[in-house]
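Below: the structure, in structure tokens.
2 protein chains.
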Amino acid sequence: APSGMGCPRRLLLVSNSTLHGGGYLGHCQQHIQSFLGEKVKRVLFVPYALHDRDAYARTAREKFASLGYELDSIHESCDPVEAVRKSEAIFIGGGNTFRLLKALYDNRLIQEIRKRVLEDGIPYMGSSAGTNVATVSINTTNDMPIVYPPSLKALGLVPFNINPHYLDPDVKSTHMGVSKTCQS
Amino acid sequence: APSGMGCPRRLLLVSNSTLHGGGYLGHCQQHIQSFLGEKVKRVLFVPYALHDRDAYARTAREKFASLGYELDSIHESCDPVEAVRKSEAIFIGGGNTFRLLKALYDNRLIQEIRKRVLEDGIPYMGSSAGTNVATVSINTTNDMPIVYPPSLKALGLVPFNINPHYLDPDVKSTHMGVSKTCQS
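So the protein lines, in turn, are chains A and B. So in full-length UniProt numbering, spot 125 of the first sequence is number 125, and the numbers just go up one at a time. So in full-length UniProt numbering, spot 2 of the second sequence is number 2, and the numbers just go up one at a time.
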């Protein structure tokens, strides 16, 4: 979809990194390849949503290598802002949305990622929490608030919110606690 | 359990206000009566976790009347802090934990409720979100962050957190999205 800046906004927002019975990003690998195309050579990976960033980067690097792309993990860079400035494409992986958003703020990446995607038009791919933070805010996440980000406002790459793990209510359930949606 | 202040800390922390098939607080009404006893005449109700405070107060007032207690809703008071200072017992109802905690901060009630319960020893009853906010923090809530409280720290009436709606994982589920617990 074209952005207001006159530059095409290129987004691939995936709900889950893994479908039942499939490997990491296995269910959407053809979409990834057609989305990134042949011009992109390196993808900047953001593993902040998980605690073990090294292990997460290994998993992602292996998968993207199999699809023909090099992968740099932003947590291995001594200057994350500069890493975003130089990136050809960004992929933010899933995990805990609060942990992810807090790390994006802590590393001063919100404005920089917005600029790269909305003004420079580089491809942005998100999965799960990485999809949540692409929206206006994380007010509709199902994740637990395990940390306290300075705001719930997110990247705002799309002008609406997404709940990537919405489940229709189970009408047969007798559990009268919290549903997956906004509790009333 | 006795608090560190030498004053007994009196808490009734309920997970849900309604069990399947039962009426409002029906499953725990005997506990409420033995908890509040005959000395308490009036209960201060805090309906902040729900949007419709008037309707919520009506429901609670009716139930407590049937148990022999008058109920004042804090949202009908022009001075909520003073209402807490004068309260004989406090009941915080369920709803959205973020909305509730934000309203407790907005109305400057955190320290005042702590003082009444931990120093003056008045009975505190919580249900669902009202149980969440009685703990150290709301970091373990399942609720959606529909508003942004100034902190996730809560009343700290007990020295641990509670997840009042924890469900054991469904091992048969093929949904690989968010579980009810901390997402990894």
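Glycine residues also receive a C-beta, built at the ideal position from the N, C-alpha and C atoms. Just so we're clear, the structure is a prediction, and the values are computed from it rather than from any experiment.
Let me know if B/P123 comes out buried or exposed under the rule of 16 or more other beta-carbons within 10 Å of its beta-carbon. Here residue 123 of chain B corresponds to residue number 123 of the second sequence, with the count starting at 1. Around the beta carbon of B/P123, a 10 Å sphere encloses 16 or more other beta carbons of the protein chains shown; the residue is thus reported as buried.
Can you find a C-beta in chain B that's less than 7 angstroms from the C-beta of A/N161? For the purposes of this step, residue 161 of chain A is taken as residue 161 along the first sequence, with counting starting at 1. No, A/N161 does not count as interfacial toward chain B.
Our contact map puts B/I113 next to B/N132 with C-beta atoms below 8 angstroms; I'd like the distance itself, whole angstroms only. By 1-based counting over the second sequence, the position of residue 113 of chain B is 113. By 1-based counting over the second sequence, the position of residue 132 of chain B is 132. No, B/I113 and B/N132 are not in contact; Cβ-Cβ is about 14 angstroms, not under 8 angstroms.
Alpha-carbon spacing of A/N96 relative to A/V46, whole angstroms: Taking the first sequence and counting its residues from 1, one reaches residue 96 of chain A at position 96. Taking the first sequence and counting its residues from 1, one reaches residue 46 of chain A at position 46. Looking at the two C-alpha atoms, the distance is approximately 13 angstroms.
Inter-residue Cα distance where the pair is B/R9 and B/T140: As a first step, residue 9 of chain B is located in the second sequence; it is residue number 9 there, counting from the start. As a first step, residue 140 of chain B is located in the second sequence; it is residue number 140 there, counting from the start. For B/R9 and B/T140, the distance between alpha carbons rounds to 23 angstroms.
Starting from A/F160, follow the beta strand (DSSP E) in both directions and report where the run begins and ends. As a first step, residue 160 of chain A must be located in the first sequence, where it is residue number 160. Bounds of any beta strand (DSSP E) do not take in A/F160, whose DSSP letter is neither H nor E.
Name the chain A residues that come within less than 9 angstroms of B/T140, Cβ to Cβ? The sequence position of residue 140 of chain B within the second sequence is 140, counting from 1. Within chain A, the residues placing a beta-carbon under 9 angstroms from that of B/T140 are M144, P145, I146, ordered along the chain.
Beta strand (DSSP E) runs contained entirely in the region 14-97 of chain B, provided each spans 3 or more residues: Runs of the beta strand (DSSP E) inside the region 14-97 of chain B: 42-46, 70-73, 90-92.
In the DSSP assignment, find the unbroken beta strand (DSSP E) run with B/G126 in it and report its ends. Counted from its first residue, the second sequence places residue 126 of chain B at position 126. Per DSSP, B/G126 belongs to the beta strand (DSSP E) from 124-127.
Please confirm whether A/L13 and A/A49 have their CB atoms less than 7 angstroms apart. If you number the first sequence from 1, residue 13 of chain A lands on position 13. If you number the first sequence from 1, residue 49 of chain A lands on position 49. With contacts defined as CB atoms closer than 7 angstroms, A/L13 and A/A49 fail to qualify as a contacting pair.
Is A/L104 close to chain B? Criterion is C-beta to C-beta, closer than 7 angstroms. As a position in the first sequence, residue 104 of chain A is number 104, starting the count at 1. No, A/L104 does not count as interfacial toward chain B.
Measuring CA to CA, which of B/V117, B/E88, B/G126 is closest to B/P164? Locating residue 164 of chain B in the second sequence gives position 164, where the first residue counts as 1. For the set B/V117, B/E88, B/G126, the Cα lying nearest the Cα of B/P164 is the one of B/G126.
Provide the residue span of the alpha helix (DSSP H) that contains A/I138, from first to last. For the purposes of this step, residue 138 of chain A is identified with residue 138 of the first sequence, where counting begins at 1. Boundaries cannot be given for A/I138, as no alpha helix (DSSP H) includes it and DSSP labels it neither H nor E.
Cβ of A/L13 less than 7 angstroms from any chain B Cβ? On the first sequence, position 13 is the one that residue 13 of chain A refers to. Residue contact with chain B for A/L13: absent (no Cβ-Cβ distance below 7 angstroms to any residue of chain B).
What are the start and end residues of the alpha helix (DSSP H) that includes A/R114? Position 114 of the first sequence, counted from the start, is the residue given in the question as residue 114 of chain A. A/R114: member of the alpha helix (DSSP H) spanning 110-114, first to last residue.
Check whether the region 53-61 of chain B and the region 70-80 of chain B are in contact - that is, three or more C-beta pairs closer than 8 angstroms. Verdict: yes, contact present.
A/V148 to B/Q111 span [Cα, whole Å]: Here residue 148 of chain A refers to the residue found at position 148 when the first sequence is read from its first residue. Here residue 111 of chain B refers to the residue found at position 111 when the second sequence is read from its first residue. Here residue 148 of chain A is Tyr; the residue named in the question, Val, does not match the sequence. Those two C-alpha atoms are separated by around 21 angstroms.
Cβ-based neighbour list, B/L109, same chain, cut-off 7 angstroms, excluding 5 preceding and 5 following: Looking up residue 109 of chain B in the second sequence gives position 109. P80, V81, V84.
Within a Cβ cutoff of 8 angstroms, which residues of the same chain sit near A/K41, ignoring the five residues on either side of it in sequence? The residue you call residue 41 of chain A lines up with position 41 of the first sequence. Cβ contact annotation for A/K41 (same chain, cutoff 8 angstroms, sequence separation greater than five): Y69, E70, E88, in chain order.
Can you find the residues in the same chain that come closer than 6 angstroms, C-beta to C-beta, to B/K153, ignoring five residues on each side of it along the sequence? Position 153 of the second sequence, counting from 1, holds the residue named residue 153 of chain B. Cβ within range, chain order: S137.
Counting only beta-carbon separations shorter than 7 angstroms, does B/L152 have a partner in chain A? Within the second sequence, the letter at position 152 stands for residue 152 of chain B. Contact with chain A is found for B/L152, since one of that chain's Cβ atoms lies less than 7 angstroms from the residue's Cβ.
Please name the residue in A/K102, A/A134, A/S128, A/D106 whose C-alpha comes closest to that of A/K115. Counting from 1 along the first sequence, the entry for residue 115 of chain A is found at position 115. Comparing Cα positions, the closest option is A/A134.
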